[in-house]
Every structure is written in structure tokens, then in C-alpha cells.
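A.B. asks:
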Amino acid sequence: MIKKFDKKDEESGSGSNPFQHLEKSAVLQEARIFNETPINPRRCLHILTKIIYLLNQGEHFGTTEATEAFFAMTRLFQSNDQTLRRMCYLTIKEMANISEDVIIVTSSLTKDMTGKEDVYRGPAIRALCRITDTTMLQAIERYMKQAIVDKVPSVSSSALVSSLHMVRMSYDVVKRWVNEAQEAASSDNIMVQYHALGLLYHLRKNDRLAVSKMLNKFTKSGLKSPFAYCMLIRIASRLLEETEGGHDSPLFDFIESCLRNKHEMVVYEAASAIVHMPNCTARELAPAVSVLQLFCSSPKAALRYAAVRTLNKVAMKHPSAVTACNLDLENLITDSNRSIATLAITTLLKTGSESSVDRLMKQISSFVSEISDEFKVVVVQAISALCQKYPRKHSVMMNFLSNMLRDDGGFEYKRAIVDCIIGIIEENPESKETGLAHLCEFIEDCEHTVLATKILHLLGREGPRTPSPSKYIRFIFNRVVLESEAVRAAAVSALAKFGAQNDDLLPSVLVLMQRCMMDSDDEVRDRATFYMNVLQQKQKALNAAYIFNGLSVSIPGLEKSLHQYTLEPSEKPFDMKTVPLATTPINEQKTVWTAARLSASNVPLYAFTEQLSAIPEFQGLGPLFKSSEPVQLTEAETEYVVRCIKHTFASHMVFQFDCTNTLNDQLLQKVVVQMEPSEAYEVLQYVPAASLPYSQPGSCYCLVRLPEDDPTAVSCTFSCTMKYLVRDCDPNTGEPDDDGYDDEYVLEDLEVTVADHIQKVLKPNFAAAWEEVGSDFEKEETFALSSVRTLDEAVGNIINFLGMQPCERSDKVPENKNSHVLFLAGVFRGGHDVLVRSRLALADGVTMQVTVRSSEETVVDVILASVG
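Each position in the sequence shown, counted from 1, maps to that position plus 253 in our numbering.
1. Excluding the five sequence neighbours on either side, which residues of its own chain have a C-beta within less than 6 Å of the C-beta of GLN938, listed in chain order?
2. Please check the pair CYS549 and VAL561, which I expect to be a contact at CB under 8 Å, by giving their CB distance rounded to whole angstroms.
3. Taking C-alpha atoms, which residue in THR316, MET326, GLN282 lies nearest to LEU298?
4. Going by C-alpha to C-alpha distance, which of GLY311, GLU347, ASN333, THR336 sits closest to THR320?
5. Rounded to the nearest angstrom, how far is the Cβ of LEU556 from that of GLU517, given a contact under 8 Å?
6. Can you tell me the Cα-Cα spacing of SER746 and VAL734, whole angstroms?
7. Tell whether a beta-carbon distance below 8 Å holds between ALA942 and VAL924.
8. Can you tell which of ASP1086, PHE324, ASN590, LYS466 has its C-alpha closest to the C-alpha of VAL218?
9. Which residue wins for smallest C-alpha separation from GLU1033, given the options GLU318, ILE1116, PHE1081?
10. Apply the 10 Å Cβ neighbour rule to ASN802 and answer buried if 16 or more other Cβ atoms are within range, or exposed otherwise.
11. Pick helix, strand or coil for CYS549, following the three-state DSSP scheme.
12. Note down, in chain order, each residue of its chain lying with its Cβ closer than 6 Å to the Cβ of THR1104, except the 5 sequence neighbours on either side.
13. Thinking C-alpha only, which one of PHE1036, GLU1061, ASN1050, ALA1078 is nearest ALA1094?
14. Restricting to Cα atoms, I'd like to know which of VAL520, LYS570, THR986 is closest to ALA481.
15. Quick one: measure Cβ to Cβ for ALA690 and GLU736, integer angstroms, because I've assumed they're closer than 8 Å.
16. For the structure I just gave you, are there three or more beta carbon pairs, one from the stretch 1043 to 1054 and one from the stretch 1009 to 1024, closer than 8 Å?
17. Give the list of continuous alpha helix (DSSP H) stretches no shorter than 4 residues that lie fully inside the stretch 1075 to 1111.
18. Using DSSP's beta-bridge definition, name the partner residues of TRP1036.
19. The beta strand (DSSP E) spanning LYS277 covers which residue range?
20. Does ALA966 come out as helix, strand or coil in the three-state DSSP assignment?
21. Spell out the partners DSSP gives ASP996 in its beta bridges.
22. Let's test the definition: count the other Cβ atoms within 10 Å of the Cβ of LEU1058 and tell me whether it reaches 16, buried, or not, exposed.
23. Are LYS879 and GLN1012 close, meaning C-beta to C-beta below 8 Å?
24. Helix or strand or just coil, what does DSSP make of ALA848?
25. Between LEU582 and the rest of its own chain, which residues show a CB-CB distance below 6 Å, the 5 nearest in sequence each way excluded?
26. Just mark LEU1055 as buried or exposed, buried being the case when its beta carbon has 16 or more other beta carbons within 10 Å.
27. To the nearest angstrom, report how far apart LYS813 and THR862 are at their CA atoms.
28. Is it buried or exposed for MET771, if we count other Cβ within 10 angstroms and need 16 for buried?
29. With DSSP as the reference, label HIS900 as helix, strand or coil.
30. Quick one: grab the DSSP three-state call for THR913.
31. Secondary structure at PRO930, three-state DSSP: helix, strand or coil?
32. If you follow the alpha helix (DSSP H) that ILE401 is part of, which residue opens it and which one closes it?
33. Please classify SER637: does DSSP put it in a helix, a strand, or coil?
34. Under a Cβ-count criterion, where at least 16 other Cβ atoms within 10 Å of its own Cβ denotes burial, should PHE628 be classed as buried or exposed?
35. Just to confirm, are ALA377 and VAL402 a CB contact at a threshold of 8 Å?
36. Look at the Cβ atom of VAL1080, then the Cβ atom of LEU1003, and state whether they are nearer than 8 Å.
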């Protein structure tokens, strides 16, 4: 009796997977029927399907198990059942890497590959090439060449695709099949032509000239396959990018001509290639945008989706180029496909005028509940971009976002909304109270710990500085009563900031802290006890150091330093200045190679510490303070490529020169970079790179003592010359001559600036940090920046020059302002805190009043001397 499933059962998934509870041992036991005579094709098919299913589910087959099953399966070649034979090919490919002696089926596969049954030949080629190794490849080379030019398209395509896979294994053998591949490239079959072009490109992709010739040939002769045209467009785009070809290049002309192709996929590929090209102007984008505009009104949903998605990307960089499509995009807002409607809305949000914001928001509201979280995130990101473009519309957008927060949705969606609201609060001070109110309401029912702690951190930072901070206390203390340990701990920290900032709230906060000291979680109790003791002292310096700004050290670095301290017992107390500083958040557009950049590149500061401490000459230098961004001292295409990383210590600098020899007929030995300083810096020692073989990077070092007589002389220019012993060698074997000769190579000058002596440190509450440092060592001077014309430019120049961290978003200059205050924080080498308050006024040029505070007088003098 056959059980009949109704639609409800089908949707619930009951009975939908007959292989759900398969056991490997049972399936291998069943595989014994492969040895029975006569062969039962139907049963054998079912068992092979089970084996393939288990393999694709990640089930581990032992070598012995797999080999036994494989040998049993080879008997199935005695059956002439077509479906069974093709299932055998599939199983051979799946088991090729786990079974031993798979080459036993080579003769059977070769027979099928060269037989008369076309339905076997293509799959047999694919299976044979899967089990073939480099030693056997020449034995089937003749058959492969014949198959590539076979008149049956499926056979030719199979041979071409298999050849493409074997390029990685034996490039030299497959390269001999180029003539056959070129013949296949003129095939009338669209897939054969596409696969042939793919193989030809992969054989030549490392030879730019050969790729250019191939492109030239096919762009002139024309192709029948739209797939091949799409590949040609991609190859041409990549070559244009590599050669930095301009838009007057023949390759660009070819891509543009494809906008007039009769196949829609080719037209779209060409348009997509043009809009993704770097440095494209709005005028050069116009033909591609026009084509995408036509696709917006296509009856095919896939074309409409592709067009609006690509226009959405264009709008990020060139919103003006997409403005002409606004009418077509508005028509797509009511599209039955909600993905298309969402992308149309978000594109309009990037290109629309300020007056259209309210109307667009209403249209989004009508369908936002019907789309997936993924597209809701896209909508939120578009709103975030719009907030930056039209800050006066923040109230409309804030209300819309708060309504979205109340809707159901996953973590990523909720996080996008929270991030957007926080961004609006930071960009528009007048929206702070409204935004905080929405977020307070959200955390009442927030089920995501990460978001709750993030909002509590924001409340602790911004809440105490609002006109009526007391109204946030209830929301924060509710978290202590109702939430998990992590949220309770974050709530305690937020409460402490209210008590530290507002004297009138301090008694109430202390009462709440006492209650928190009874918490069941030790982290919450410890925090409450710590903050309770700090707050009771009623000292601003203590509040700033331990509540507002906290430690600015790297936690992994602290752990490593403490561990090292325990291994080497000492009577001296542990010195926090030996710990690497914490990474600071960096704007995505501004990549800075400080400790933060190093961490992002998986090279934390303590990794450089280990690298340098392993060199005997550098062992007495003390803790590493900072490592800089690599500075290129040669052009990228020169015979020797050299870059420098500057490592700063308390009294010394180590210059690490990473050198690469790009000449295959030379071996460089005893490589050093000789440095001549322009100031009182003293070169103490060189550590050479013993050998630089072709294309193998090596490092040499130079140790320099910083000026002791004049501590303010931090800036210096070094002239650099690479000196080495050259030994000519055979390019093929790399064997060097016995004799060598001395040579040198002049490098670019290397500059050391004040920024190389300062590490960025973020102070969330600058005013508290300013009070904590105190005015014992404070100096003030006024400077005229005559060459600077805008406040934005002045702010950027100051930050880059001093290498300090802007605080409280003071690097953002409000529009139409003639004055601004920039707050900067950092640590000078030796571990001395330094703070800069720079008041800027715009007149004929920019006038700058700089006030510097530090825990060390010399540091104040260094900053003012370098600015002057």
C-alpha cells in the first residue's frame, strides 16, 4: 500500500527524506549484492544513491571500507543499464580520493570513453580524469585530444572541463592541447565554445601578452555563445584593471560595444563590468545606466532585479548618474517581487531629494513587514546613508526606525537598526534624547545580550550629559533586576557613570550599588564593589581614570605580560607601561597601520615584540611601544622591492627593511640598508639579511638611538642606500657563481615624524581625561595655518600630523561653521599620556589655538615644537 501525503504533510517535511536515518554499516552490508549474479539494476541503483548521499553528508568512510565497496561496484560495469552505468561514474568520482587502487576501472572507463554509446562517453571522460594522476595522464592524452574536438557537444564539453581541472595537476601536458582547444572555440555549440574559451584563458592567464592576443582575436572574429561573450567581458575587465588602461582603450570599447549585443545576459554583463570599473565618471557610466534603465521595465523579474541591484551599487558612488532612472525606480516600488521593490526604494533613498524623504518613508512602511530580514537590513543601511545626507530629516527617520524595532526580526536586522539609531545620535546632538528614549524602550524586551550591553554602554556614555539624566536610571536598574549576568554587569558600569558625572544623583546610585553587591554573579558583585569604593572618594581624577576612561592597554598583551612576569620573579612591582596599548577604533576609510591595523592583519604588537626580541642586538631595548605602517622605499615594478616598518622603543628606534629580489639571475648576500640621519639621531648597529634568493623576502635591520641632548628633536629624515654582495646565478637552477661583487641601490628617503612617537588612545570622556591629567604641565600657543582653506582640511591635517586619536567625534566638522574644537588623545613613548585641545577659527586662513596637557613636561614641549 502506498501512503499518500497531503500538502500539509509535505510542507512539514514528514517523510520527505527517505535517507534521513541511514547507517553507514547497514549500507555497506547491502552493497554485497553488487557481487550477485544476475545484477539487479534497480536495487544496485538504490544502494549507490545511499552511498553518494552519505558521502555528501560528510560521513567518514575508512580506506578499507571505501576500497571494498569500490571493488564490489566495479562488477556493475557488466550491466548494460544506462542509468546504473551513469550512477557508477558518479560514485567513482566521489570515492576517488578515499579508495585505494581506483585505477582498476581505468580500462572500463577508457572503453566507455572511446565506445559508440555517446551517452556514456562524456561522463566516462569526467570520471577517468578524476582518477587519473600525472603518471597516467600521457597514456590517455591521445584520447583527450580526440575528445576535445569530438563532434558530439557533450563529449567535447566534458573533455574541456576535465582538462581545466587537470591544469592544476599537470599544466605542461594540458598546454599541449591548445590547438584542439582553439578548434573547439570555433564550435557552433554555445557550451563547447564557452568551455574552450575558459580552458584557453586558464592556460594563458599568467602571460598578459598572450591574454591580450587572445582577447584581440576573439573580439574581432566574434562569438556565437553568449556565455563565452560574458567570459570575454570579465577577462577584458580584469586586464583593464591590471594594466590600469583608460576608458579610451580598445578593451573598454569592446565592453561598451557589448551593450548592443542581442543577448540580454551579455548586455547585462557589459553594463555590470562598466559600473564596477574604478575611477569611472558619470559620463562614462551613462551608456551602462541607460541599458539598466531599460531593464527596469522588462517583463522578466530576473532582469528587473539585476538592473535595480546594479543601479543600487552605482548610487553609492555616483547618485547623480542614477537620478535619470528615478521615475522607472518609482514604478518598481509596487513590483510584485518584494526584493525588487526593496532595492528600488533603497536606491531612491540614495538618489532622491530631501523633499521626497517623507513620501518614500510612507511607501516603505506599506510593505516592510512582508520582506525578509536580509532586505530589511538593506533598507536600514539606506536610511543610515540618508541620515548623513539630510541630517534635518532625522526625526522622520528615527520614528520609522523605532517602529521597525518593535517588529519581529532576527539579530542582524535588530543590530542594523540599533547601529543606525546610534549613528544618528552621534551625528545629530539634538536627536540624542529622542534616540535614547527609543533605545530604552527597546531594551525592555530585548532578547539579544550583545545589543542590550551595547545600548547600556551608550546610555552610560551619553545619558549623564543630557538635561535630565535621572530618567534613564530606572531603565538601567531594571536590567540589573531582570536580565542575564552579562547585561547586569553592563548595567552596573552604566550606573557608575551617572554617579560619577552627576553629584545630585550620587546618593541614589550608591544605594543601588549596595543592592548590586548582593548579586548572585561574582562579576556583577566585583564591579559594584569596585565602583562603590571609587565613587565614595568623590575625586574627579579617580572617576576619570577608573570609571569614564578605564585602562587603555591590550587585554591579550596584558595577559601575556603578566604571564611573563610570573615566569621571571622580580622584586620590582609589575609596570603597566610594559604592556602594549589597546587598539583604537579606526574609520573604515582611513586605514592606519598602528596596533589596530596590525591586529586586523593578524600581526598584533606583541608578535613584533617576539620577532625583535629573538634578535640578540635588540634584547636590551625594553618594551616595544609602537610599530608603524609599512613605508614603500621603491616603486612596485623595480628590480628590488623594499619597504620599511618603524619600531619605536623608549630611547631607540629599529628600522625593519623587508626586501624582495625580483631578478631570477641574481642572489644577493649580506644585505644592509645604510642610513644617514639629517638630525642628531645616532645609528648604532646594522643587522644584515644573510641571503636574498629570487622572489624570497628577507629582512635586515638598523638600530638608531634617539637624541638624548634635545628630546624635542623627534623629526628626522634619513637617506637610505641598500648595500649587498651580488652573485650571478643560473635562472633555471638557481645555482650561484662562486665569485660575487659589491653593489648598492639608492632608495627613497625615509621620514620619522612626531606621529611615530605617539600611540593612539581613545578617551570616551575627554573632559574627564583632561581633568585627570591636570594643569601641572599645560602650555598653549596660537598658530596661523595660511595654506589651509577649510576647517575640514585643517582637522584632517592635524590628526594625520600628530598621529593622535580624535575623541567625542570632534573630527567631524559641522556644516557652515566658522569655528570648531578638536580633541585629541594619545600616549607618548615611555608611556606618558598626552591630550591636545585645538580651537580652530576660519577667517582668511585658519587660526589654531593649541593647548597641550601631559603627565610629562618634555612631551608638551615636543608637541608644540613639532607643530611650530
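In this text, a Cβ means the ideal position worked out from N, Cα and C, and glycines have one as well. Given the structure is predicted, the values throughout are model-derived calculations rather than measurements.
C.D. replies: Put simply:
1. Closer than 6 Å at the Cβ level, and outside the excluded window around GLN938, lie GLU870, LEU956.
2. 6 Å
3. MET326
4. GLU347
5. 6 Å
6. 15 Å
7. In this structure, VAL924 lies closer than 8 Å to ALA942 by Cβ.
8. Because the chain spans 254 through 1121 in this model, residue 218 falls outside it and cannot be assessed.
9. ILE1116
10. With a threshold of 16 other beta carbon atoms within 10 Å, ASN802 meets it and is buried.
11. coil
12. GLU1033, ARG1090
13. Cα-wise, what sits closest to ALA1094 is PHE1036.
14. Per the Cα distances, VAL520.
15. No, ALA690 and GLU736 are not in contact; Cβ-Cβ is about 19 Å, not under 8 Å.
16. no
17. none
18. A small fix is needed here, since residue 1036 is Phe in this sequence, not Trp. Note: PHE1036 sits in a beta bridge opposite MET1101.
19. Premise fails: LYS277 lies in the alpha helix (DSSP H), 277 to 283, not in any beta strand (DSSP E).
20. Here ALA966 carries a coil assignment [DSSP, helix/strand/coil].
21. The partner list for ASP996 (beta bridge, DSSP) reads TYR977.
22. Reading the sequence as shown, one finds Gln at residue 1058 and not Leu. Under this definition GLN1058 is a buried residue.
23. yes
24. For ALA848, the predicted model reports a pLDDT of 30, less than 50, meaning its position is unreliable; a value from the coordinates is still stated below. Looking at ALA848 - three-state DSSP - the assignment turns out to be helix.
25. When the five nearest sequence neighbours on each side are left out, the beta carbons in the same chain lying within less than 6 Å of the beta carbon of LEU582 are those of ALA597, THR600, LEU601, in order along the chain.
26. buried
27. If you take the alpha carbons of LYS813 and THR862, they lie about 11 Å apart.
28. That one is exposed.
29. If DSSP states are grouped into helix, strand and coil, HIS900 belongs with the strands.
30. strand
31. strand
32. 394 to 401
33. Reduced to three states, the DSSP call for SER637 is helix.
34. buried
35. In this structure, VAL402 does not lie closer than 8 Å to ALA377 by Cβ.
36. Against a cut-off of 8 Å, the Cβ pair of LEU1003 and VAL1080 comes out as no contact.
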